[in-house]
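Beneath this line is the structure, given in structure tokens, with notes to follow.
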Ligand SMILES: Nc1nc2c(ncn2[C@@H]2O[C@H](COP(=O)(O)OP(=O)(O)OP(=O)(O)O)[C@@H](O)[C@H]2O)c(=O)[nH]1
Ligand SMILES: [Mg+2]
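Here you go:
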């Protein structure tokens, strides 16, 4: 089965090489989507052997970058597509934990969860509280099962059938909840598996701000009213 990794990257010139090189042993092909970065992410990605680099000329958001990557991966005849962040917070050596579930036909979609059976090390308390609120929001406003332990993980794997079927529309960070909603409402089989996440001073400095949670909630509510 051909496994293709997709890495959405925005202003990740310092991190993309290490992340991509750590992913390569666990995938057959790797696609980096530079999402209109202001830095040299694209050239950095392009210079890595065995990596396909695609560039958005303007910044469109992580969801849009993943959609671009999905089209490319399907074109490259992927059987399994893995989404993983560029910033080094995910552990690429855990890719097989996700792909194994699909290879062994236990699920069509596998979500990496930072909370399943573990405490996410280094995650600030405020972020935990927001993610808990995100779980409630997902359940009450989106109808997503409350058993889903991580409302906003960017580490997931889909088989080809699911990647074709799950037509998510959110361009920015709300795509994570939208994908959960579309998958859990479909007949696709899904599963969560534990994954670790690393928070460093660098990732906290450049990552999401707590106020971004409000933007995500707003984008999801708009999505409900526009039936996306
Ligand atoms: N912030 C942001 N990230 C993007 C965008 N497009 C692609 N990405 C990539 O999406 C991934 C996740 O972005 P982060 O801002 O780290 O979001 P996060 O990991 O959910 O949040 P943190 O836990 O705060 O790091 C990274 O690999 C980014 O480079 C964009 O428009 N904005
Ligand atoms: Mg991050």
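Numbering (the numbering used here), first residue to last: 3 to 230.
Built from N, CA and C at the ideal position, the CB exists for glycine as well.
Minimum Cα-Cα distance from residue 151 among the listed residues 44, 112 and 99 corresponds to 112. With the rule of 3 Cβ pairs closer than 8 Å, the segment 32–41 does not count as touching the segment 95–114. The shortest CA-to-CA distance from residue 90 to any of 78, 168 and 157 is the one to 157. Cα atoms of residue 19 and residue 195: separation of roughly 26 Å, rounded to the nearest angstrom. For ligand 2, no non-hydrogen atom lies closer than 7 Å to the CB of residue 124. Fewer than three beta-carbon pairs drawn from the segment 134–154 and the segment 46–55 are found closer than 8 Å, and the two stretches are therefore not classed as touching.
Taken atom to atom, the span from the alpha-carbon of residue 133 to that of residue 142 is near 14 Å. Non-local beta-carbon contacts of residue 126 in its own chain, meaning distances under 8 Å to residues more than five positions away in sequence, involve 201 and 206 in chain order.
DSSP lists 33 as the beta-bridge partner residues of residue 54.
For ligand 2, the residues with a Cβ under 6 Å from any of its heavy atoms are, in chain order, 87, 89, 91, 205 and 209. If you compare the alpha carbons of 175, 186 and 71 with that of residue 148, the shortest gap goes to 186. Only exposed fits residue 203, as fewer than 16 other CB atoms lie within 10 angstroms of its CB. In this structure, the beta-carbon distance from residue 221 to residue 178 does not fall below 8 Å. In the three-state DSSP reduction, residue 78 falls in the coil class, being neither helix nor strand.
When only Cα atoms are considered, residue 167 and residue 160 end up about 10 Å apart.
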